[in-house]
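Novice: Before I ask anything, here is the structure I am working with.
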Amino acid sequence: YLNIQADAHNGVGKKVEKRSRLRRGRRSRKCPNRKQRTNRMANKARIPAGTRARWDWKLRILDWLSKLYPLTHVCVEDIKARTKPYEKKWNTSFSPLEVGKQWFYAEIEKRWKLFTLQGWETKEIRDRLGLKKSAKKLSEIFEAHCVDSWCLAYYTVGGVAVPDNTNLICVSPIPIARRELHRQNPQKGGKRPRYGGTTENGLVKNTLVKHIKHGLTRISGFGKRGISLYDLGGNRLCQNAKTSDFKVLRRLNFTYKSGFSSQV
Numbered sequence: 006y007l008n009i010q011a012d013a014h015n016g017v018g019k020k021v022e023k024r025s026r027l028r029r030g031r032r033s034r035k036c037p038n039r040k041q042r043t044n045r046m047a048n049k050a051r052i053p054a055g056t057r058a059r060w061d062w063k064l065r066i067l068d069w070l071s072k073l074y075p076l077t078h079v080c081v082e083d084i085k086a087r088t089k090p091y092e093k094k095w096n097t098s099f100s101p102l103e104v105g106k107q108w109f110y111a112e113i114e115k116r117w118k119l120f121t122l123q124g125w126e127t128k129e130i131r132d133r134l135g136l137k138k139s140a141k142k143l144s145e146i147f148e149a150h151c152v153d154s155w156c157l158a159y160y161t162v163g164g165v166a167v168p169d170n171t172n173l174i175c176v177s178p179i180p181i182a183r184r185e186l187h188r189q190n191p192q193k194g195g196k197r198p199r200y201g202g203t204t205e206n207g208l209v210k211n212t213l214v215k216h217i218k219h220g221l222t223r224i225s226g227f228g229k230r231g232i233s234l235y236d237l238g239g240n241r242l243c244q245n246a247k248t249s250d251f252k253v254l255r256r257l258n259f260t261y262k263s264g265f266s267s268q269v
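Take the numbering used here: the last position of the sequence shown gets the number 269, and nothing is skipped along the way.
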């Protein structure tokens, strides 16, 4: 089995707000623009962009695991948001946690069988098996988060009472870039140099490649001197790579980094 610890998506709401602010500044310009169209998303069930990004990230990891293992059941610790007594609308509609959780559960039930446990039930399983949980939530060790995931798996499928694999695979989401082809403000001389863009010469950002010198790397961007390459942990290796220096393998959905065993 795999012990996967995933970083959360953040900053999506700020990017959406920035997009709206820039759009507001372009509205009154005297230049050709498309006519107003009806909002195709009006009166349709949807959740905010930041909430969707956080919960869709969990669903993408489950889809990835379903290609490695014959997934049939998913067990989730049912977390609760801070609620207000006698306020049903507040508790179910205004909390990003509750809104995203219900969407997440509905998507899981379309694919697999869903089980949920309360936090105190997970703690009972952990105490019964004699497992410890670390208070350092940001640490990349088995006792930080994966010990609870292991208890959920033990409740669902059973097995041995002591985990024999405490090594981690740590993944983090690739940052979502808004569509910007140029820098927002003109530079010296009134020029707006290229900024962003995901493709060039048939190559796509966040593609896994094998470099003749650096080994397995990913394409991070395109510059004047060449292609920028990063390792799988997010460290920059070079900014002047040529297409003849590497072999294209496949697209990446997230970045990887090595975790630590609890025995280290």
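The C-beta atom is built at its ideal place from N, Cα and C for all residues, glycine as well.
Leaving aside the five residues before and after Ser249 along the sequence, list all residues of the same chain whose C-beta is less than 6 Å from its C-beta, in chain order.
Specialist: Cβ within range, chain order: n/a, list empty.
Novice: Measure the alpha-carbon distance for Met46 versus Gly124 and round it to whole angstroms.
Specialist: Those two C-alpha atoms are separated by around 36 Å.
Novice: Which residue or residues does DSSP assign as beta-bridge partners of Val253?
Specialist: Its beta-bridge partners are Val214.
Novice: Could you check which residue in Phe227, Lys247, Leu208 has the C-alpha nearest to that of Leu257?
Specialist: That would be Leu208, whose Cα lies nearest to the Cα of Leu257.
Novice: Nearest CA to the CA of Lys218: which residue from Lys89, Tyr235, Ser225, Gly228?
Specialist: Of the listed residues, the one whose Cα sits closest to Lys218 is Tyr235.
Novice: Go through its chain and collect everything with a Cβ distance to Thr161's Cβ below 8 Å, but skip five positions before and after it.
Specialist: For Thr161, where only same-chain residues beyond five positions count, the Cβ hits under 8 Å are His78, Cys80, Phe120.
Novice: What does the Cβ neighbour count give for Ala111, buried or exposed, with the cut at 16 atoms within 10 Å?
Specialist: Ala111 is exposed by the Cβ-count criterion.
Novice: Quick one: residues in its chain with C-beta nearer than 7 Å to the C-beta of Trp155, no 5 flanking neighbours on either side, listed in chain order?
Specialist: For Trp155, where only same-chain residues beyond five positions count, the Cβ hits under 7 Å are Pro168.
Novice: Under the criterion of a Cβ to heavy atom distance below 7 Å, does Trp108 qualify as lining the ligand GTP?
Specialist: Among the ligands in the structure shown, none appear at all, so the ligand GTP cannot be discussed.
Novice: May I ask which residues mark the beginning and end of the alpha helix (DSSP H) holding Cys151?
Specialist: That run of the alpha helix (DSSP H) goes 151 to 162.
Novice: What does Tyr261 pair with, by DSSP beta-bridge criteria?
Specialist: Partner(s): Val176.
Novice: Is it right to say Asp68 is buried, meaning 16 or more other beta carbons lie within 10 angstroms of its own, or is it exposed?
Specialist: That one is exposed.
Novice: Between Glu148 and the rest of its own chain, which residues show a CB-CB distance below 7 Å, the 5 nearest in sequence each way excluded?
Specialist: Taken in chain order, the residues that qualify are Lys137, Lys138, Ser139, Ser267.
Novice: With the cut-off set at 8 Å, would you say Thr222 and Val253 are in Cβ contact?
Specialist: In this structure, Val253 does not lie closer than 8 Å to Thr222 by Cβ.
Novice: Within the segment 102 to 150, note down every full beta strand (DSSP E) run reaching 3 residues or more, in order along the chain.
Specialist: Listed in chain order, they are 118 to 122.
Novice: For Glu103 and Ile113, what's the separation of their Cα atoms in angstroms?
Specialist: Answer to the nearest angstrom: the Cα atoms are 15 Å apart.
Novice: Suppose only complete runs of 4+ residues qualify. What are the alpha helix (DSSP H) ranges in the segment 8 to 50, listed by chain order?
Specialist: Here the runs fully enclosed are 17 to 31.
Novice: Where Ser144 and Asn38 are concerned, what is the direct C-alpha to C-alpha distance, given to the nearest angstrom?
Specialist: Approximately 50 Å, taken between the alpha carbons.
Novice: Identify, in the order they occur along the chain, each residue of the same chain with its Cβ nearer than 8 Å to the Cβ of Leu64, setting aside the five sequence neighbours on each side.
Specialist: The answer, listed in chain order, is Phe109, Glu112, Ile113.
Novice: Determine the closest residue to Gly220 out of Ala246, Lys210, Asn206, Phe227, with distance taken between C-alpha atoms.
Specialist: Considering only alpha carbons, the answer is Ala246.
Novice: For Asp132, is the classification buried or exposed, using 16 other Cβ atoms within 10 angstroms of its Cβ as the cut-off for buried?
Specialist: It counts as exposed.
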